[in-house]
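**Student:**
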Amino acid sequence: MKNFTYSLLLIGSLASAQQTTLEVNGKVLTTVSDQEIVLRGINYPIIDEGSISLANAAQYQHKIDQAALTGANAIRIPWYTSGTHWRDNPQFGTPGTVQGYVANGHLGNLLAYCHQKGMVPILEIHNATCSNDWNYFNNTVMPFWTSPAIQNLIETHKEYLIINLANEFGQVRWTGNQAAALNTFTSNYNTAIAGLRSLGIDVPIMIDAPDCAQSSTELLSVAEAMVDADPVHNLIFSSHAYWFGYANSGALVEQKLDEAANSSVCFVLGEVANTQDGDTCGSISLSNLYPTILTEACERNIGWLAWTYDLDCSSPREMTTNGEFSTLTAWGNDLVYNSNYGLLSDSPCAAQQLSTEKVPGSDMVLFPNPAGDRFGISGSDGIAFVEIYDVSGRIVKVIDSGFGSVSLIGLEPGHYIVKAVTSDKSFKTFRLLKI
902 MKNFTYSLLL IGSLASAQQT TLEVNGKVLT TVSDQEIVLR GINYPIIDEG
952 SISLANAAQY QHKIDQAALT GANAIRIPWY TSGTHWRDNP QFGTPGTVQG
1002 YVANGHLGNL LAYCHQKGMV PILEIHNATC SNDWNYFNNT VMPFWTSPAI
1052 QNLIETHKEY LIINLANEFG QVRWTGNQAA ALNTFTSNYN TAIAGLRSLG
1102 IDVPIMIDAP DCAQSSTELL SVAEAMVDAD PVHNLIFSSH AYWFGYANSG
1152 ALVEQKLDEA ANSSVCFVLG EVANTQDGDT CGSISLSNLY PTILTEACER
1202 NIGWLAWTYD LDCSSPREMT TNGEFSTLTA WGNDLVYNSN YGLLSDSPCA
1252 AQQLSTEKVP GSDMVLFPNP AGDRFGISGS DGIAFVEIYD VSGRIVKVID
1302 SGFGSVSLIG LEPGHYIVKA VTSDKSFKTF RLLKI
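Read in order, the letters of the sequence shown correspond to residues 902 to 1336 in this note's numbering.
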């Protein structure tokens, strides 16, 4: 028992010696450069930009450049599981295109470029929107997140990435038995989170409220327990403020946001818009409600992400007409320049600039992961030596050269901790899966 306890303490000290991901501490989100950041930004379904290829860096970088001009410090990017987006439909595109963007590194490059432009990327799965089919969640959505390619993507970009498991998934108020439905919601998410943590995925996980993400009260009623259940306590909770039928007055908005402000969890409004879907897309106006929502959110230091920078079925809630900053709509201009809450305003509620200051070793990337007989570490010029630990905390290998190609021959398949120590005694740890 003594050896087992020591091993757990050793592995824990290795993992926590240097913050390697965005971390939630109570209500506060902190970057690896120790900056406390309130997420204020945009949603951008860039995958729907039919005029560009996400395999073409110049094309998608131009679009991200334009989005970054809004001053946003966060960008939520809808994505899709294989075969569920129009790009994979033979009528409109080529089957396998979306998965190809993942396998060939294009999605990863897009995420890295968003961060390079000063925005925290939030990757979310969108093809399960407003579903209450938990079989679909467990058998289609979660296998996307646990696939080796996505594990590798998350590991590579973990210093600045948030993952949003499923857009607007689950129903509670809209069911006949709300207590049972809330328990189903919680237990399925807790299981999914535990599964991801067991794979070494420690990045913040964003959880949308049930009922098309509208039900903030219901989400907050279980949020603290979900944080306690998360092995690394790194969760962000999100409600989408389509509140025409949920909180359609100033008093009700204040009540909902007070609940969030008085909780002990990190909470954001993952989508805020000026229209809401009714009988048709965007048929319900929120033009008198959203300014109250944003003003009250800012007064409580609650972050928000506008829907959407471009590409929506409701043109009034597109911030631009074609993805170019020069074509800001009335909605876009208000979000960017409003004196009370605009992203580029002079008010305390503006989007604070994301610090890109790097911590020691932050250029290092371990690849591939999972690995077969070899792995490498890029950005390894300053490494003095590398130690590999097994899950019991025992050093199984020490390497003092050739960090670009490290042999794993002789090690059993399984999980390992890789510790890269630099000449100035700083170090960075990685979780490695040998297959």
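No residue lacks a Cβ here, since even glycine has one placed at the ideal position from N, Cα and C.
Please read these numbers as outputs of a predicted model, since none were measured by experiment.
#1: Identify every residue that forms a DSSP beta bridge with leucine 1206.
#2: Valine 1169 to glutamate 1313, Cα distance in whole Å?
#3: Classify glycine 1305 as buried or exposed, calling it buried when 16 or more other Cβ atoms lie within 10 Å of its own Cβ.
#4: Is asparagine 926 helix, strand or coil by DSSP?
#5: What is the DSSP secondary structure of phenylalanine 1268, counted as helix, strand or coil?
#6: I need the straight-line Cα distance from serine 1188 to leucine 1309, nearest angstrom please.
#7: In its own chain, which residues sit with a C-beta less than 6 Å from the C-beta of aspartate 989, not counting the 5 before and 5 after it?
#8: With burial defined as no fewer than 16 other Cβ atoms inside 10 Å of the residue's Cβ, what is the status of threonine 1222: buried or exposed?
#9: Measure the alpha-carbon distance for methionine 1127 versus isoleucine 1318 and round it to whole angstroms.
#10: Using a Cβ-Cβ cut-off of 8 Å (strictly less than) and excluding sequence neighbours within five positions of cysteine 1113, which residues of its own chain qualify?
#11: Could you check whether the stretch 1042–1059 touches the stretch 1000–1009, counting it as contact only if at least three pairs of C-beta atoms, one from each stretch, sit closer than 8 Å?
#12: With a threshold of 7 Å on Cβ separation, who are the neighbours of glutamine 1079 within its own chain once the five nearest residues in sequence on each side are excluded?
#13: Going by DSSP in three states, tyrosine 1290 sits in which element: helix, strand or coil?
#14: How should phenylalanine 993 be labelled, buried or exposed, when 16 other C-beta atoms within 10 angstroms of its C-beta is the threshold for buried?
#15: If you check the beta carbons only, do alanine 958 and asparagine 1010 fall under 8 Å apart?
#16: Is cysteine 1199 closer than 8 Å to tyrosine 1242 when the C-beta atoms are compared?
#17: Which residues bound the alpha helix (DSSP H) around threonine 1193?
#18: Measuring only the C-alpha atoms, how far is tryptophan 1035 from alanine 1082?
#19: Would you call the stretch 976–987 in contact with the stretch 1018–1029, where contact means no fewer than 3 C-beta pairs closer than 8 Å?
#20: Once you ignore the five residues that flank leucine 915 on each side, which residues in its own chain have a CB closer than 8 Å to its CB?
#21: Express the C-alpha separation of leucine 1097 and glycine 1233 in angstroms, rounding to a whole number.
#22: Bridge partners for asparagine 1140 per DSSP, in chain order?
#23: Going along the chain, which residues of its own chain have a beta-carbon closer than 8 Å to the beta-carbon of aspartate 1247, five neighbours each way excluded?
#24: Starting from arginine 977, trace the alpha helix (DSSP H) both ways and give me its first and last residue.
#25: Taking the alpha-carbon of proline 1269 as reference, which of Gly1101, Lys1335 and Cys1250 has the nearest alpha-carbon?
#26: State the Cα-Cα distance for the pair valine 1322 and glutamine 919, rounded to the nearest angstrom.
#27: Indicate the three-state DSSP secondary structure (helix, strand or coil) for glutamine 967 in the structure shown.
#28: In three-state DSSP terms, what is asparagine 1053?
#29: Kindly give me the distance between the Cβ atoms of alanine 973 and arginine 941, rounded to whole angstroms, as I take these residues to be in contact under 8 Å.
#30: Compare the beta carbon distance of serine 1186 and leucine 1121 with 8 Å and say whether it is the shorter of the two.
#31: Can you tell me which of the three DSSP states asparagine 1091 falls into?
#32: Buried or exposed for alanine 1252, going by 16 or more other Cβ atoms inside 10 Å?
**Tutor:** In short:
#1: Secondary-structure assignment with DSSP links leucine 1206 through a beta bridge to Gly942.
#2: Whole-angstrom Cα-Cα distance: 42 Å.
#3: Flag for glycine 1305 reads exposed.
#4: Residue state, collapsed to three classes: strand.
#5: Looking at phenylalanine 1268 - three-state DSSP - the assignment turns out to be strand.
#6: Looking at the two C-alpha atoms, the distance is approximately 59 Å.
#7: Cβ neighbours of aspartate 989 beyond the five flanking positions: Pro996, Thr998 and Val999.
#8: Per the 10 Å Cβ criterion, exposed.
#9: Between methionine 1127 and isoleucine 1318, the C-alpha separation is close to 27 Å.
#10: Cβ neighbours of cysteine 1113 beyond the five flanking positions: Thr1030, Cys1031, Glu1069, His1141 and Tyr1143.
#11: With a cut-off of 8 Å, the stretch 1000–1009 and the stretch 1042–1059 count as touching, because enough Cβ pairs lie within range.
#12: For glutamine 1079, where only same-chain residues beyond five positions count, the Cβ hits under 7 Å are Val1073.
#13: Three-state DSSP puts tyrosine 1290 in a strand.
#14: Under a 10 Å Cβ-count criterion, phenylalanine 993 is classified as exposed, with fewer than 16 other Cβ atoms of the shown protein chains found around its own Cβ.
#15: Against a cut-off of 8 Å, the Cβ pair of asparagine 1010 and alanine 958 comes out as a contact.
#16: Taking the C-beta atoms as reference points, cysteine 1199 is found nearer than 8 Å to tyrosine 1242.
#17: For threonine 1193, the enclosing alpha helix (DSSP H) covers residues 1191–1200.
#18: Whole-angstrom Cα-Cα distance: 11 Å.
#19: Contact between the stretch 976–987 and the stretch 1018–1029 is present, because at least three Cβ pairs lie under 8 Å.
#20: Legend: pLDDT at leucine 915 = 45, less than 50; position of this residue unreliable, no value from coordinates given.
#21: Each residue's alpha carbon lies about 36 Å from the other.
#22: Looking at the sequence itself, residue 1140 is serine, so the reference to asparagine does not match. The bridge partners DSSP lists for serine 1140 are Leu1170.
#23: Contacts found: Ser1240.
#24: Secondary structure note for arginine 977: it is in no alpha helix (DSSP H), and the uninterrupted beta strand (DSSP E) holding it is 975–980.
#25: Comparing Cα-Cα distances from proline 1269 to each of Gly1101, Lys1335 and Cys1250, the minimum goes to Lys1335.
#26: In a straight line, the C-alpha of valine 1322 is about 12 Å away from that of glutamine 919.
#27: Three-state DSSP puts glutamine 967 in a helix.
#28: Asparagine 1053 falls in the helix class under three-state DSSP.
#29: That pair is a contact at about 7 Å.
#30: Contact annotation: serine 1186 and leucine 1121 have beta-carbon atoms that are not nearer than 8 Å.
#31: Residue state for asparagine 1091 is assigned as helix, using DSSP reduced to three classes.
#32: Burial of alanine 1252 is indicated by the presence of at least 16 other C-beta atoms within 10 angstroms of its C-beta.
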